[in-house]
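Enquirer:
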Amino acid sequence: MTGSEEDGTGQSTFDEGVRSRVDETQSEAARNAVAGETDTDADGETAEGGTQRSIRDMLDDEGEASVFINRDLVEPDTIIDEERIVGRDDQLESVVSFLRPTLQGNRPPNMLLYGPAGTGKSLIIGAVTQQIIELYQSKGERFGVVDVNCQPINTLDQAVYELVQTVATDVDARVGVPETGVSTKCKYRRLYELINEHYDSVIFILDEIDLLVGRRANDEPAYSKLLYQLSRASNTNDIEGRVSVAALTNDPKFMEDIDGRAESSFNPRDVYFPDYDATQLREILENRRDAFRRDALEDDVIPLVAAFAAQSHGDARKAIDLFRGAGDLADDRRDGRVTEDHVRESQEEIDKDRSLKLVEGLTTQKKISLYATAVVACHSNRSRSSVPSPVGFKVYQWVTDQLDADQMTRETYVKYVKELSTYGLISTSRKSRGRGGGMYMEFTFTGDPEAMMDRIVDDTRLEAIASQDELLRTVVNSQLKEFHDQ
Ligand SMILES: Nc1ncnc2c1ncn2[C@@H]1O[C@H](COP(=O)(O)OP(=O)(O)OP(=O)(O)O)[C@@H](O)[C@H]1O
Ligand SMILES: [Mg+2]
Numbered sequence: 009m010t011g012s013e014e015d016g017t018g019q020s021t022f023d024e025g026v027r028s029r030v031d032e033t034q035s036e037a038a039r040n041a042v043a044g045e046t047d048t049d050a051d052g053e054t055a056e057g058g059t060q061r062s063i064r065d066m067l068d069d070e071g072e073a074s075v076f077i078n079r080d081l082v083e084p085d086t087i088i089d090e091e092r093i094v095g096r097d098d099q100l101e102s103v104v105s106f107l108r109p110t111l112q113g114n115r116p117p118n119m120l121l122y123g124p125a126g127t128g129k130s131l132i133i134g135a136v137t138q139q140i141i142e143l144y145q146s147k148g149e150r151f152g153v154v155d156v157n158c159q160p161i162n163t164l165d166q167a168v169y170e171l172v173q174t175v176a177t178d179v180d181a182r183v184g185v186p187e188t189g190v191s192t193k194c195k196y197r198r199l200y201e202l203i204n205e206h207y208d209s210v211i212f213i214l215d216e217i218d219l220l221v222g223r224r225a226n227d228e229p230a231y232s233k234l235l236y237q238l239s240r241a242s243n244t245n246d247i248e249g250r251v252s253v254a255a256l257t258n259d260p261k262f263m264e265d266i267d268g269r270a271e272s273s274f275n276p277r278d279v280y281f282p283d284y285d286a287t288q289l290r291e292i293l294e295n296r297r298d299a300f301r302r303d304a305l306e307d308d309v310i311p312l313v314a315a316f317a318a319q320s321h322g323d324a325r326k327a328i329d330l331f332r333g334a335g336d337l338a339d340d341r342r343d344g345r346v347t348e349d350h351v352r353e354s355q356e357e358i359d360k361d362r363s364l365k366l367v368e369g370l371t372t373q374k375k376i377s378l379y380a381t382a383v384v385a386c387h388s389n390r391s392r393s394s395v396p397s398p399v400g401f402k403v404y405q406w407v408t409d410q411l412d413a414d415q416m417t418r419e420t421y422v423k424y425v426k427e428l429s430t431y432g433l434i435s436t437s438r439k440s441r442g443r444g445g446g447m448y449m450e451f452t453f454t455g456d457p458e459a460m461m462d463r464i465v466d467d468t469r470l471e472a473i474a475s476q477d478e479l480l481r482t483v484v485n486s487q488l489k490e491f492h493d494q
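The sequence shown begins at 9 in our numbering and counts up one residue at a time.
In structure tokens form, the structure reads like this:
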């Protein structure tokens, strides 16, 4: 049986916890209690300032103890000044040269920005489009940047609605179309209407586009349809101004799954974002050193953070997270300086936390998908523990049969597992089976798949299966054999 797709609302986020605020009333009460014998006036203020500490003093004190002076600079979502961008000159130059025509009244080409996570795709397109917005404004014209992340979106219809919502929010207009109960066409119409009314020119930025697969198994993927519609919207006069589409993805072979029609209308200029090496990561971090107090970083800290991040695929986001994490740890312990030990411990914490939080927040179907994939990696007798998606899917089917649970399509299974690569738990690559054999995805766990399995088993019905090691080994290896013999 094929069950309904889950919407992924259980997806965990890695948002920082909200920092606790000083409760003024409580502090006031405490202050009065401490003041004790001191005279207080009607407002609760002491007559001559007293010896107790004001809220401001306490806050200042906290500031002094912290290793940070501008923690925002090491927050992942902070939009940094362009002087802080390093190591992406070629990509910056390409994106600028592709988008420059829009300033001269011409239509810019569409773009495909691809490369692994944390390599600056969103940063570069964001930095360039921000400057274009400002240049347009200075001419009294309006450049619309419609930026949507496709990861949580399941269908084409939802994607179009999301675009309408994004534009409406940007221009402070009514969404003007209901989320459900009207056709996708109707939503497109509202999108074009809003754009024509409010922008002279527009760029759609479709982040993580490869995850917008859509519901149906053997149909053209939703991203292909969306790219087709948007990239021809100016040819069909649906959009009157200049339009371009920038698709962002981690998947280097993304274009291979696009329908021929969509391919020829989208026809993007490629911009490749490779991994950063340790030297580049070091420079990126050096450029944010002023997040910390001048003397708060021991010499080895930045090189060590860069080295850890370079090991895990050269992801700048991870480097920045670790940098911040080490500072937070130093603060928690009131150590006053960040040391190599803080970096090491923080790296361990990040590894542990990531998988734990992520796994806890997954929907049951995602847990089963991940579990089945980890089972293959763990029990494979082969030297390489990477998991071909067709084998992972077979084991997923087997597990769902054992549990009498709903069974998703293979596309959905692949989508779920691929999503985990966004969090660095798994890396994915596309493999070919040779001539005429078609393509498949291959999954590799970046950490220990066994630890992952243990965590999933902790909070699902999988216990009964997990205890049958021998059986699992047999299922996995017979599926692997069948796959490789084909
Ligand atoms: N060249 C760079 N210089 C300075 N900071 C950078 C650079 N590249 C990335 N960063 C920082 O690293 C973080 C991740 O970058 P960004 O979001 O652009 O990556 P991405 O390629 O879009 O990743 P994903 O594929 O996961 O969406 C951001 O905080 C960004 O500011
Ligand atoms: Mg991005």
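For every residue, glycine included, the Cβ atom is placed at its ideal position computed from N, Cα and C. Quick caveat: nothing in here was measured; it's all calculated off a predicted structure.
1. Going by beta carbon distance, what residues of the same chain come within less than 7 Å of A286, once the five residues before and after it are set aside?
2. DSSP puts A385 in a beta bridge; with which residues?
3. Quick one: using the 10 Å Cβ neighbour count with 16 as the cut-off for buried, is R332 buried or exposed?
4. Can you check which of these residues, L100, V384, A304 and A459, is closest to Q139 by C-alpha distance?
5. Please classify I63 as buried or exposed, where buried requires at least 16 neighbouring CB atoms within 10 angstroms.
6. What's the gap between the Cα of G437 and the Cα of R443?
7. With a threshold of 16 other CB atoms inside 10 Å of the CB of E170, please say whether the residue is buried or exposed.
8. How far does the beta strand (DSSP E) with V279 in it extend, from its first residue to its last?
9. Could you give the distance in angstroms between the alpha-carbon of E419 and the alpha-carbon of D307?
10. Which of the three DSSP states, helix, strand or coil, is assigned to L235?
11. State the start and end residues of the unbroken alpha helix (DSSP H) segment that holds I292.
12. Does S440 pass the burial test, meaning 16 or more other C-beta atoms within 10 Å, or should it be called exposed?
13. Should D215 be listed as close to ligand 1, given that the test is whether its C-beta is under 7 Å from any heavy atom?
14. Looking at the structure shown, is Y122 part of a helix, part of a strand, or coil, going by DSSP?
15. Using DSSP with H/G/I as helix, E/B as strand and the rest coil, what is L488?
16. Pull up the distance between the alpha-carbon of D339 and that of E294, whole angstroms please.
17. Looking at ligand 2, does it come within less than 7 Å of L312, judged from the CB to the closest heavy atom?
18. In terms of residues, what are the limits of the beta strand (DSSP E) holding R438?
19. Near K489, which residues of its chain fall below 8 Å by C-beta distance, leaving aside the five closest residues on each side in sequence?
20. Considering only DSSP beta bridges, list what F451 is partnered with.
21. Give the secondary structure of N258 by DSSP, where H, G and I count as helix, E and B as strand, and everything else as coil.
Expert: Judging by the given coordinates:
1. By one-based count along the sequence shown, residue 286 stands at place 278. Annotation for A286: A314, A315 and A318 place their beta carbon closer than 7 Å to its own, counting only its chain and skipping 5 residues before and after.
2. On the sequence shown, position 377 is the one that residue 385 refers to. In the DSSP output, where bridge partners are listed per residue, A385 has none listed.
3. In the sequence shown, the residue the question calls residue 332 occupies position 324. Under this definition R332 is a buried residue.
4. Here residue 139 is taken as the residue at index 131 of the sequence shown, counted from 1. For the set L100, V384, A304 and A459, the Cα lying nearest the Cα of Q139 is the one of L100.
5. As a first step, residue 63 must be located in the sequence shown, where it is residue number 55. Taking every protein chain shown into account, the CB of I63 has fewer than 16 other CB atoms within 10 angstroms, so this residue is exposed.
6. Numbered from its first residue, the sequence shown carries residue 437 at position 429. Numbered from its first residue, the sequence shown carries residue 443 at position 435. In the sequence as displayed, the identity of residue 437 is Ser instead of Gly. S437 and R443 have their C-alpha atoms spaced approximately 18 Å apart.
7. Against the sequence shown, residue 170 aligns to sequence position 162. Residue burial is scored here from C-beta neighbours: E170 has at least 16 other C-beta atoms within 10 angstroms and is therefore classed as buried.
8. Counting from one through the sequence shown, the residue named residue 279 turns up at place 271. V279: member of the beta strand (DSSP E) spanning R277 to Y280, first to last residue.
9. Counted from its first residue, the sequence shown places residue 419 at position 411. Counted from its first residue, the sequence shown places residue 307 at position 299. In a straight line, the C-alpha of E419 is about 48 Å away from that of D307.
10. As a working note, residue 235 is residue 227 in the sequence shown. In the three-state scheme derived from DSSP, where H, G and I count as helix and E and B as strand, L235 is classed as helix.
11. Walking along the sequence shown from the start, residue 292 turns up at place 284. Going by DSSP, I292 is part of the alpha helix (DSSP H) stretching over A286 to E294.
12. In the sequence shown, counting from the first residue as 1, residue 440 sits at position 432. Exposed is the call here.
13. The residue labelled residue 215 in the question sits at position 207 within the sequence shown. Yes - ligand 1 has a heavy atom lying nearer than 7 Å to the Cβ of D215.
14. As a position in the sequence shown, residue 122 is number 114, starting the count at 1. Strand at Y122.
15. On the sequence shown, position 480 is the one that residue 488 refers to. In the three-state scheme derived from DSSP, where H, G and I count as helix and E and B as strand, L488 is classed as helix.
16. If you number the sequence shown from 1, residue 339 lands on position 331. If you number the sequence shown from 1, residue 294 lands on position 286. D339 and E294: Cα-Cα distance of roughly 20 Å.
17. Here the question's residue 312 lines up with position 304 in the sequence shown. No, since every heavy atom of ligand 2 falls outside the 7 Å radius drawn around the Cβ of L312.
18. As a first step, residue 438 must be located in the sequence shown, where it is residue number 430. Where R438 is concerned, the enclosing beta strand (DSSP E) starts and stops at I434 to S440.
19. Within the sequence shown, numbered from 1, the residue matching residue 489 stands at position 481. Excluding sequence neighbours, K489 sits near nothing in its chain.
20. Indexing the sequence shown from 1 puts residue 451 at position 443. For F451, which the question treats as bridged, DSSP gives the partners V395 and T436.
21. Counted from its first residue, the sequence shown places residue 258 at position 250. N258: coil per DSSP, three-state reduction.
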